[in-house]
Amino acid sequence: MVDVALPEALSANAEVGKLAYDAKCAACHGANAAGQDGVAPPLVHKIYEPSHHGDAAFLLAAKNGVRAHHWRFGNMPPVEGVTDGDVKMIVAYVRELQRANGIN
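Its first residue numbered 1, the sequence shown is counted upward by one per residue in the UniProt record's numbering.
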């Protein structure tokens with residue numbers, strides 16, 4: 001859905017987060033968190049900047065799912081098989097992608 005510029009390098013935590021993201025999130029949110037038309041929104045988007053959706057929002061979304069409120073993709077179900085630690089690393093990855101795209 002969106003073009004995502006990749007950072008030159010990822011931190012160690014973001015590298016771990018990319019593996020977890022690719023395993024648990026990419027099927028819906030797309031490669032590099034770019035979103036997928038008709039499936040799920042991009043996470044590299046101003047809506048998900050840290051001041052609007054803090055890191056804890058990602059944890060709650062993975063644990064509990066999310067009722068649709070910003071996008072017309074429908075509700076997000078809870079993500080099975082991810083730990084709090086996994087989500088912390090996934091957030092590190094998403095935040096580094098966001099920063100590489102001017103979202104701070």
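All C-beta atoms in this analysis are idealised placements derived from N, C-alpha and C, irrespective of residue type, glycine included. Since the structure is predicted, the reported quantities are computational estimates derived from the model, not experimental observations.
Query: So, is Glu96 buried or exposed, given that buried needs 16 or more other C-beta atoms within 10 angstroms?; Result: buried
Query: Whose C-beta lies closer than 6 Å to the C-beta of Asn13 among residues of the same chain, with five residues either side of it excluded?; Result: Met89, Ala92
Query: Can you list, in chain order, the residues of its chain whose CB lies under 8 Å from that of Gln36, leaving out five sequence neighbours each side?; Result: Met1, Cys28, His29, Gly30
Query: Could you tell me which of Pro41, His45, Lys24 sits nearest to Ala5, measuring between CA atoms?; Result: His45
Query: Going by alpha carbons, who is nearest to Ala100 out of Lys24, Ala34, Ala26?; Result: Ala34
Query: Do you know how far the Cα of Gly74 is from the Cα of Val66?; Result: 9 Å
Query: Taking 7 Å as the cut-off, decide whether the C-beta atoms of Ile47 and His70 are in contact.; Result: yes
Query: Could you pull the DSSP bridge partners for Met76 from this structure?; Result: Val66
Query: Could you tell me the alpha carbon to alpha carbon distance between Ala61 and Leu10, rounded to whole angstroms?; Result: 24 Å
Query: If you draw a straight line from the alpha carbon of Val87 to that of Ala26, how long is it in whole angstroms?; Result: 13 Å
Query: In angstroms, rounded to a whole number, what distance separates the CA positions of Lys63 and Gly17?; Result: 16 Å
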